[in-house]
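Residue numbering for the sequence shown follows the numbering used here, starting at 24 and increasing by one per position.
By construction, the Cβ of each residue, glycine as well, lies at the ideal position given by its N, Cα and C atoms.
Computed from a prediction, not measured in an experiment: that's the story for all the values here.
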Amino acid sequence: MLVQVKKKAQITLPLKIREKMGVSEGDILEVSVQGDRIVLKPRVTRRIVANPVPAREASRIRGLLAVGGDAVKDSEGAYD
24 MLVQVKKKAQ
34 ITLPLKIREK
44 MGVSEGDILE
54 VSVQGDRIVL
64 KPRVTRRIVA
74 NPVPAREASR
84 IRGLLAVGGD
94 AVKDSEGAYD
């Protein structure tokens, strides 16, 4: 299969290859050179998922979070 290098050195991976390798938009690929070949390998990256906190449990973490206020006013004089 042939692909053409476009503007800014971009290439399009053919659909059949993307499907076979499970590559989709936003995925990270590792690029390396092995002899006379350019090798692309899908990389698994950790995604951070924030779990919502039910309102009835939020009071237990109240002291850990600051909500509201005036950030500009609160930082006045901090860098003098």
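The C-beta distance from residue 49 to residue 65 rounds to 12 Å, too long to meet the 8 Å contact threshold. Between the beta-carbon of residue 28 and that of residue 37 there is about 14 Å, and that puts the pair past the 8 Å contact cut.
Taken atom to atom, the span from the alpha-carbon of residue 73 to that of residue 57 is near 39 Å. Assignment of residue 34 by DSSP, reduced to helix, strand and coil, places it in the coil class. In the structure shown, the three-state DSSP call for residue 48 is coil. For residue 29, the secondary structure class from DSSP, reduced to helix, strand or coil, is coil.
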